[in-house]
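Trainee:
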Amino acid sequence: MKRYLYLLHRWLGVSLCLFMALWFFSGVVMMYVGYPKLTAAERLTHLPELDAGAAAPAIISLARASQALPPDAKPSAITLTSVAGKPQYQFRIGHGIAAVDAVSGVRLTKVDAEDALRAARAFMPRAEATYQDAVTEDSWSHSRSLDPHRPLHRVHMTDGARTLLYVSSATGDVVRTATRNERLWNYAGAWLHWLYMFRGGPVDWAWTGIVVYLSLAGVVLALTGTVVGLLRWRFRGKFKSGGKTPYRASMMRWHHLSGLLFAAVTVTWIFSGLMSMNPWKIFHTGGAPINRLAYAGGELQPTQFRIEARDALAGLRGDLRTREISWHLLDGLPYLVAKDSIGRTRIVSAADRPALSSFPTQQLVAAASHLFPAAIGETELLRRYDAYYYSRDAHTMMGDATQRLPMLRVKFADPQQTWVHIDPYSGVILGQLDARQRLQRWLFSFLHSWDLPPMLASRPLWDIALIFFSVGGFVLSASGIVIAWRRCRSR
Numbered sequence: 234m235k236r237y238l239y240l241l242h243r244w245l246g247v248s249l250c251l252f253m254a255l256w257f258f259s260g261v262v263m264m265y266v267g268y269p270k271l272t273a274a275e276r277l278t279h280l281p282e283l284d285a286g287a288a289a290p291a292i293i294s295l296a297r298a299s300q301a302l303p304p305d306a307k308p309s310a311i312t313l314t315s316v317a318g319k320p321q322y323q324f325r326i327g328h329g330i331a332a333v334d335a336v337s338g339v340r341l342t343k344v345d346a347e348d349a350l351r352a353a354r355a356f357m358p359r360a361e362a363t364y365q366d367a368v369t370e371d372s373w374s375h376s377r378s379l380d381p382h383r384p385l386h387r388v389h390m391t392d393g394a395r396t397l398l399y400v401s402s403a404t405g406d407v408v409r410t411a412t413r414n415e416r417l418w419n420y421a422g423a424w425l426h427w428l429y430m431f432r433g434g435p436v437d438w439a440w441t442g443i444v445v446y447l448s449l450a451g452v453v454l455a456l457t458g459t460v461v462g463l464l465r466w467r468f469r470g471k472f473k474s475g476g477k478t479p480y481r482a483s484m485m486r487w488h489h490l491s492g493l494l495f496a497a498v499t500v501t502w503i504f505s506g507l508m509s510m511n512p513w514k515i516f517h518t519g520g521a522p523i524n525r526l527a528y529a530g531g532e533l534q535p536t537q538f539r540i541e542a543r544d545a546l547a548g549l550r551g552d553l554r555t556r557e558i559s560w561h562l563l564d565g566l567p568y569l570v571a572k573d574s575i576g577r578t579r580i581v582s583a584a585d586r587p588a589l590s591s592f593p594t595q596q597l598v599a600a601a602s603h604l605f606p607a608a609i610g611e612t613e614l615l616r617r618y619d620a621y622y623y624s625r626d627a628h629t630m631m632g633d634a635t636q637r638l639p640m641l642r643v644k645f646a647d648p649q650q651t652w653v654h655i656d657p658y659s660g661v662i663l664g665q666l667d668a669r670q671r672l673q674r675w676l677f678s679f680l681h682s683w684d685l686p687p688m689l690a691s692r693p694l695w696d697i698a699l700i701f702f703s704v705g706g707f708v709l710s711a712s713g714i715v716i717a718w719r720r721c722r723s724r
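Plus 233 on top of the position in the sequence shown (first one is 1) and you've got our numbering.
#1: Where does the unbroken beta strand (DSSP E) through Tyr239 begin, and where does it stop?
#2: If distances are taken between C-alpha atoms only, which option among Leu604, Val400, Gln649 and Gly260 comes closest to Glu347?
#3: How is the alpha helix (DSSP H) around Tyr420 delimited, first residue to last?
#4: Apart from the five residues on each side of it in sequence, which residues of its chain come closer than 8 angstroms, Cβ to Cβ, to Val339?
#5: Quick check: the Cα distance between Ile662 and Ala646, rounded to an integer number of angstroms?
#6: Determine which residues share a DSSP beta bridge with Ile503 and list them.
#7: For Thr182, which residues of its own chain have a beta-carbon under 6 angstroms away from its beta-carbon, when the five flanking residues on both sides are left out?
#8: When the distance is taken between beta carbons, is Leu454 closer than 9 angstroms to Leu249?
#9: Going by the beta-carbon positions, is the gap between Ala411 and Leu425 smaller than 9 angstroms?
#10: Per DSSP, which one or two residues make a beta bridge with Asp366?
#11: Under DSSP, the beta strand (DSSP E) around Leu615 begins and ends at which residues?
#12: Using a C-beta cutoff of 9 angstroms, does Arg383 count as contacting chain B?
#13: Among residues of its own chain, excluding the 5 on either side of Tyr622, which ones have a beta-carbon nearer than 7 angstroms to its beta-carbon?
#14: Are Arg325 and Pro381 close, meaning C-beta to C-beta below 9 angstroms?
#15: Excluding the 5 residues preceding and the 5 following Ile523 in the sequence, name in chain order all residues of the same chain whose CB lies nearer than 8 angstroms to its CB.
#16: Which residue's Cα is closest to the Cα of Lys270: Ile697, Asp626, Thr363 and Ala285?
#17: Could you give the uninterrupted runs of the beta strand (DSSP E) lying entirely in the stretch 262-332, keeping only those of 3 residues or more?
#18: Note the first and the last residue of the continuous beta strand (DSSP E) segment covering Thr578.
#19: Determine contact between the stretch 298-317 and the stretch 549-565, defined as no fewer than three beta-carbon pairs at a distance below 8 angstroms.
#20: Can you give me the C-alpha to C-alpha distance between Arg377 and Ser402, rounded to a whole angstrom?
#21: When you compare only the Cα positions, how much space is there between Val266 and Ser259?
#22: Between the alpha carbons of Ala529 and Gln323, how many angstroms are there, rounded?
#23: Could you work out which residue in Gly565, Val460 and Arg554 is closest to Phe538 when comparing CA atoms only?
#24: What are the residues that DSSP puts in a beta bridge with Thr410?
#25: Shortest alpha-carbon distance to Glu370 belongs to which of His386, Ser682, Ala360 and Pro290?
#26: If you follow the beta strand (DSSP E) that His628 is in, where does it begin and where does it stop?
#27: Could you have a look at Glu532 and say whether DSSP puts it in helix, strand or coil?
#28: Does DSSP put Ala403 in a helix, a strand or coil?
#29: Report the residue from His389, Trp373, Lys343 and Ala335 whose alpha carbon sits nearest the alpha carbon of Ala360.
#30: Taking buried to mean at least 16 other C-beta atoms within 10 Å of its own C-beta, is Glu275 buried or exposed?
#31: Between Gln534 and Lys307, what straight-line distance do the alpha-carbon atoms span, to the nearest angstrom?
#32: On a CA-only basis, which of Arg586, Pro587, Leu417 and Arg554 is nearest Ala571? Give me that one, please.
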């Protein structure tokens, strides 16, 4: 039995040691350089102020803008923003986005190279713009959130960071940025770590399976190595060589010792990477989704709103320099949310009522009671980050989400033990977590990133610990590469 165990570990190691070394190396890079993205906070800083003054072009009503849509269109989200310096209504319809000029009322049907250049120049007015091409997907645009905007126009900027901008073919808006440093470092970081060399090509369909089964094989490799390492360690007495390990060759000794020292972290990191993929849908409960329509109190219809964007802008002048407005329903109440360049918001429900900074908790709980047939078991207004709601640096995988405090958590007494998170500043549902998703938070996020708020706040200790264990895992894997090379060369 031992022989088969040794053989399994040996040949799995020969096959996977290079992948393991690259995973450890790229993980350190990802601590400081993330996959390219345009966060909501970054996007807001590049938007001009929406102006309702006499000198500005008159913004048409939402009802008039909606006339440019198909008669059967049912928008799930409506936003007034700016594209290339001009106000634009954006309607989320199904899986796509319809854009309507907020001055002329004309629907945008095509975004060409000149439109992309105008958007790029408005986004970065101090840099020269050069149009490159249009792509459906490339190395820096695999994110599914970009699907409504494909194909994407690529524009190179002559700023100091040599930024590559991606412009939506649906709205003409800049939807992604990738600096030269991000692009270069990502080949050694996220692109490598997530095996994105298998994305976007002829084997794109198999990418998920490749990652899952390579990770699974890595877990088996690490576990068998741990068992072999313990079996080969002399806990009592010593070998004839005078050591606790039987290996005299330097690489075998390094591999044995580093394996024993870093076995636990190697197993947990590879296992948690596997858990990130939700293999075989083990974290899906099959429970009913939350009823967002019932929470809203009906479908979003432009005719429901008694206040127009220009009136809301005029009323907020002096209080908020509005960059963007979105339309919402809460338990049948129509309202607008205005947002400034740093993400501060105001809630406007009618022209004759003062704007609110946030909704009363009781009002949000009453609306949330319609999300599930099950009763609400508990509510909590979270004023400090905890293990299930916390903020990450913008460059990290979860760093594009704005996690404001306080936040309302509503816990339901359903079989899946669902929690729903609601933003009091906008009334928007931030997300939901059932029991299995909370388990995934521990088996993936915690084990992989050590991302409990107290840990993230303990820098540079957090950095030192992760780098130390990553170097240990890399030494373990690199010694395995040398051993595998010598083994294969000798055969």
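By construction, the Cβ of each residue, glycine as well, lies at the ideal position given by its N, Cα and C atoms.
Mentor: According to the structure data:
#1: Counting along the chain, Tyr239 falls outside any beta strand (DSSP E), though it belongs to the alpha helix (DSSP H) covering Lys235 to Met263.
#2: Closest by alpha carbon: Val400.
#3: Arg413 to Tyr420
#4: Ala301 and Val333
#5: In this structure, the alpha-carbon of Ile662 lies about 18 angstroms from that of Ala646.
#6: Bridge partners of Ile503: none, in fact.
#7: The structure shown does not extend to residue 182, since the chain spans only 234 to 724, so no value can be given for it.
#8: yes
#9: no
#10: Arg387
#11: Ile609 to Leu615
#12: No chain B is present in this structure, which holds just one protein chain.
#13: Leu615, Gln636, Met640 and His654
#14: Yes. Within cutoff.
#15: Leu604, Phe605, Thr651, Val653, Ile662 and Gln665
#16: Asp626
#17: Whole beta strand (DSSP E) segments, 3+ residues: 310-316 and 319-326.
#18: Thr578 to Val581
#19: yes
#20: 15 angstroms
#21: C-alpha of Val266 to C-alpha of Ser259: approximately 10 angstroms in a straight line.
#22: 19 angstroms
#23: Gly565
#24: Leu398
#25: His386
#26: Here His628 belongs to no beta strand (DSSP E), and DSSP marks it neither H nor E.
#27: Shown here, Glu532 sits in coil according to DSSP, grouped into three states, outside any helix or strand.
#28: coil
#29: Selected option, being the one with the closest Cα: His389.
#30: Exposed, by the Cβ-count rule.
#31: 8 angstroms
#32: Arg554
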